[in-house]
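Trainee:
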Amino acid sequence: KGKTILSGFIQSNPYWVKSLENLGNSEAALGNTDAALGYFEKIIAFKPRYLPAYFYTGLTYLNMKESEKALEWFEKLARLNPESDQAYYHIGLCHMMKQRFRQAEAAFKKALALNPAREEARGNLAVLYLKYLNQPEKAFKQMRLYLKDHPSGKLAKPFLQILNTSPAESSQ
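Quick note: the sequence shown uses this note's numbering, first residue 894, plus one each step.
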């Protein structure tokens, strides 16, 4: 009976859910991952379609370097919201951490199909092609697209340096 009353309160008061989310994020930032996951679990128990709770659960596991558990949560998020470029980007990160590079590539491409300006997906796809898949031409293409959209982005300087020193790029 108490759960029913609490559930009704949560349904009628969205600020309560946001408060739990904030508490979970605060605990995660402090390294109290069990407490953080507990808050996100409570949110999902009462509001199963509250998408940020799935994201933050995945992110907490990712920060704990538990990429398989993180992957499960990001995949749940993608099933609930197939238009979430954020979910697919993080799915790509999880696969990259597990050295499943082709799956990472597919996830990053999906994130970019949903949001071509997704800076992190473009950058990681370029790194994936250059460092792990031995496809420099694809890497250079992604770097050029990254620089076009994010000339002051986090990876702009290293990408410019790579492009300016690459023999293949010099001939273009």
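We treat Cβ as the ideally placed atom computed from N, Cα and C, and that holds for glycine.
Given a cut-off of 7 Å on the beta-carbon distance, is the pair V910 and I937 in contact?
Mentor: As a first step, residue 910 must be located in the sequence shown, where it is residue number 17. As a first step, residue 937 must be located in the sequence shown, where it is residue number 44. Taking 7 Å as the Cβ cut-off, V910 and I937 do not qualify as a contacting pair.
Trainee: Please decide whether N974 counts as near chain C, where near means a Cβ-Cβ distance under 7 Å.
Mentor: Of the protein chains in this structure there is only one, and it is not chain C.
Trainee: Would you kindly work out how many angstroms separate the C-alpha atoms of R1076 and P1044, rounded to a whole number?
Mentor: Given a span of 894 to 1065 for the chain in the structure shown, any question on residue 1076 remains unanswerable.
Trainee: Quick one: Cα of L916 to Cα of T1058, how far?
Mentor: As a working mapping, residue 916 is identified with position 23 in the sequence shown. As a working mapping, residue 1058 is identified with position 165 in the sequence shown. If you take the alpha carbons of L916 and T1058, they lie about 47 Å apart.
Trainee: If you run the structure through DSSP and keep just helix, strand and coil, what is G924?
Mentor: What you label residue 924 is simply residue 31 of the sequence shown in a count that begins at 1. Three-state DSSP puts G924 in coil, outside helix and strand.
Trainee: Run the proximity test for F994: is its beta-carbon closer than 6 Å to any non-hydrogen atom belonging to the ligand FMN?
Mentor: As far as ligands go, the structure on display features none, and thus does not contain the ligand FMN.
Trainee: Between the C-alpha atoms of E961 and L1040, what's the straight-line distance to the nearest angstrom?
Mentor: For the purposes of this step, residue 961 is taken as the residue at position 68 of the sequence shown. For the purposes of this step, residue 1040 is taken as the residue at position 147 of the sequence shown. Those two C-alpha atoms are separated by around 32 Å.
Trainee: Could you tell me whether the Cβ atoms of D978 and L1007 are closer together than 7 Å?
Mentor: Reading the sequence shown from its first residue, position 85 is the one you call residue 978. Reading the sequence shown from its first residue, position 114 is the one you call residue 1007. Yes. Within cutoff.
Trainee: Would you kindly work out how many angstroms separate the C-alpha atoms of K1034 and P1051, rounded to a whole number?
Mentor: Counting from 1 along the sequence shown, the entry for residue 1034 is found at position 141. Counting from 1 along the sequence shown, the entry for residue 1051 is found at position 158. When rounded, the distance between both Cα atoms is 15 Å.
Trainee: Can you say whether A1010 is buried or exposed, counting buried as having 16 or more other CB atoms within 10 angstroms of its CB?
Mentor: The sequence position of residue 1010 within the sequence shown is 117, counting from 1. When all chains shown are included, A1010 counts as exposed.
Trainee: Assign G895 to one of three DSSP states: helix, strand, or coil.
Mentor: Along the sequence shown, one-based indexing puts residue 895 at 2. The pLDDT assigned to G895 is 46, lower than 50, so where the model puts this residue is not dependable; a value taken from the coordinates is nonetheless given after this. It is helical.
Trainee: Is the beta carbon of P945 closer than 7 Å to that of E968?
Mentor: Here residue 968 refers to the residue found at position 75 of the sequence shown. Here residue 945 refers to the residue found at position 52 of the sequence shown. Not a contact, by the Cβ cut-off of 7 Å.
Trainee: From this set, Y943, W966, R942 and A1000, which residue's C-alpha is nearest T953's C-alpha?
Mentor: As a working mapping, residue 953 is identified with position 60 in the sequence shown. Among Y943, W966, R942 and A1000, the Cα nearest to that of T953 belongs to W966.
Trainee: Going by other Cβ atoms of all chains shown within 10 Å of its Cβ, with 16 needed for buried, is L1021 buried or exposed?
Mentor: Taking the sequence shown and counting its residues from 1, one reaches residue 1021 at position 128. The residue is buried, with at least 16 neighbouring Cβ atoms inside 10 Å.
Trainee: I need the straight-line Cα distance from L973 to R942, nearest angstrom please.
Mentor: Here residue 973 corresponds to residue number 80 of the sequence shown, with the count starting at 1. Here residue 942 corresponds to residue number 49 of the sequence shown, with the count starting at 1. Distance between the alpha carbons of L973 and R942 is about 7 Å.
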